[in-house]
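Heads up, the thing below is written out as structure tokens.
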Amino acid sequence: MTYDTAAKEPIVLDGTELKLGDAVIIARRPEVANIRDDGLWRSAMLPCVGKAGVVGCIGHQHEEDIRVHGSPLVLVRFDGEPSWWFRLSELSRPQHAQPATP
């Protein structure tokens, strides 16, 4: 059995490597006129904009995620709410967060 031992580039958010358990804020929604036109977002995700969560998983298919969604994907967990996959470009670290754009 062979294993892929090639090191992947770390995922960086606001200048620092993103790791499991890091706090993040959903800083923005996708830049589409109608959320139904986005292949990742669902209307139930809209209330997450501006909320803090924790990184639960970082997508392993960076090139594919970038090709399909335009950015690497990150699973964000919220207290008492469903977890959702977000684009790295939609996240920010709490200390770098600007007012959310709903």
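Under our numbering, the residue at position 13 of the sequence shown is numbered 28, and the numbers go up by one with no gaps. Yeah, the Cβ is synthetic: ideal placement off N, Cα and C, and Gly gets one too.
Worksheet item: Would you call the region 77 to 85 and the region 59 to 68 in contact, with 3 or more CB pairs under 8 Å?
Response: no
Item to complete: In the DSSP assignment, find the unbroken beta strand (DSSP E) run with PRO47 in it and report its ends.
Response: The sequence as given places Val at residue 47; Pro does not occur at that position. VAL47 -> no beta strand (DSSP E), and no H or E assigned at all.
Item to complete: Might you give, ordered along the chain, the residues of its own chain that have their beta carbon closer than 6 Å to the beta carbon of ASP37, omitting 5 neighbours on each side?
Response: VAL70
Worksheet item: What did DSSP end up calling GLU24 once you bin it into helix, strand or coil?
Response: coil
Fill in: Residue interval of the beta strand (DSSP E) (run including GLU78)
Segment 77 to 84 is the alpha helix (DSSP H) holding GLU78; no beta strand (DSSP E) there.
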